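*Asks:* Residue numbers (the numbering used here): 96 to 346. Heads up, the beta-carbon is just placed ideally off N, CA and C, and yes, glycines get one too. Note that this is a predicted model, so its numbers are computed, not measured.
1) So, under 8 Å CB-CB, residue 336 and residue 246 are touching, yes? Tell me the CB distance rounded to an integer number of Å.
2) Leaving out five residues on either side along the sequence, give the residues of the same chain with a beta carbon under 6 Å from the beta carbon of residue 321.
3) Here's the rule: buried if 16 or more other CB atoms are within 10 angstroms of the residue's CB, otherwise exposed. What is residue 147?
4) Comparing C-alpha positions only, which one of 344, 227, 327 and 145 sits nearest to residue 178?
5) Tell me where the beta strand (DSSP E) around residue 247 begins and ends.
6) Please go through the same chain and pick out, in chain order, the residues whose beta-carbon is closer than 6 Å to the beta-carbon of residue 191, but skip the five residues on each side of it.
7) Would you kindly report the start and end of the unbroken alpha helix (DSSP H) that includes residue 224?
8) State buried or exposed for residue 96, treating a residue as buried only when at least 16 other CB atoms are found within 10 Å of its CB.
9) Taking the DSSP output, what are the residues bridged to residue 344?
10) Given a cut-off of 7 Å on the beta-carbon distance, is the pair residue 122 and residue 326 in contact?
11) Residues in the same chain with beta-carbon distance under 6 Å from residue 210, minus the five sequence neighbours each way, listed in chain order, please.
12) Does the beta-carbon distance from residue 185 to residue 172 come in below 7 Å?
13) May I have the straight-line CA-CA distance separating residue 249 from residue 316, to the nearest angstrom?
14) Are there 16 or more other CB atoms within 10 angstroms of the CB of residue 286, so buried, or fewer, so exposed?
15) Assuming the contact rule is C-beta atoms closer than 8 Å, residue 197 and residue 139 should be a hit. Round their C-beta distance to whole Å, please.
16) What residue does the alpha helix (DSSP H) around residue 204 start on, and which one ends it?
17) DSSP state of residue 184, grouped into three classes?
18) Measure from the alpha carbon of residue 234 to the alpha carbon of each residue in 345, 101, 117 and 108, then state which is nearest.
19) Does DSSP put residue 194 in a helix, a strand or coil?
20) Report the CB separation of residue 101 from residue 162 in whole angstroms; it is logged as a contact under 8 Å.
21) Would residue 351 pass as a contact of residue 311 if the rule is Cβ separation under 7 Å?
Next comes the structure, spelled out in structure tokens:
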């Protein structure tokens, strides 16, 4: 397996998310409605990271399995889940090879928070989508989410403030490079005298946008693909939406 991209950052990753196990009610309502409509009971989070979303899916009554390629993220997920008294099976798996590890089909596979963008090119993304499709039951759904929208890609802001509290400030400094981008994450810990500065960087070699997903998911064999611009099920607008949510159905 490739090197662990999140080594040295996994313990700080949850600054994105707030208190472990606490979710915005709009997000909870989105998944509750989506899972009811598609009869989702058994779910795989194939890029589960530190396990934050696993608690949401447990809250909604799902039989949940988590997987990730990063040992450090899985270790943090286990610490988080143990601290919350929750039992979830966790596996180290490359989401391009899911059928090699999971035999019983899932009602839903989720790959959230831009996790698919770590892949080097469209060929590898297509391989991942076929892998995800192959562990879904007929009629099952794949859910993908990312903050990088067509609007952001057009405007290309260099700086995005992700978090600003009395304890910590987190800033994204983005270098756009051809079809990809490098996200430099700058944390300032105000609890330290003078403010302790920590920087971590991650590359998105090929940023996928709305039309890329439509084409690649069709090629991967999904029967229908739906696009939303937020967790209120508002339609995705290339000119206005600041979030991209994709829901693809296996035929």
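*Replies:* By the coordinates alone:
1) About 6 Å; that satisfies the 8 Å criterion.
2) Hits under 6 Å: 342.
3) Result: buried.
4) Comparing Cα positions, the closest option is 145.
5) First-last for residue 247: 245 to 250, but that is the alpha helix (DSSP H), not the beta strand (DSSP E).
6) Beyond the five residues adjoining it in sequence on each side, residue 191 comes within less than 6 Å, by CB distance, of 222, 223 and 226 in the same chain, given in chain order.
7) Run containing residue 224: 217 to 229, per the alpha helix (DSSP H) assignment.
8) Legend: pLDDT at residue 96 = 48, less than 50; position of this residue unreliable, no value from coordinates given.
9) DSSP lists 236 and 319 as partners of residue 344.
10) Annotated as proximal: residue 122 and residue 326, with beta-carbon spacing under 7 Å.
11) The beta carbon of residue 210 lies closer than 6 Å to those of 142 in the same chain, with the five residues before and after it left out.
12) Yes; because the gap between Cβ atoms is below 7 Å, this pair is in contact.
13) Each residue's alpha carbon lies about 29 Å from the other.
14) Residue 286 is exposed by the Cβ-count criterion.
15) That pair is a contact at about 7 Å.
16) Segment 201 to 206 is the beta strand (DSSP E) holding residue 204; no alpha helix (DSSP H) there.
17) In the structure shown, residue 184 sits in coil (DSSP, three-state: anything other than H, G, I, E or B).
18) Nearest of 345, 101, 117 and 108 to residue 234, Cα basis: 345.
19) Reduced to three states, the DSSP call for residue 194 is helix.
20) At roughly 14 Å, the Cβ-Cβ gap does not stay under 8 Å, so residue 101 and residue 162 are not in contact.
21) Residue 351 lies beyond the residue range present for the chain, which begins at 96 and ends at 346; the question has no answer from this structure.
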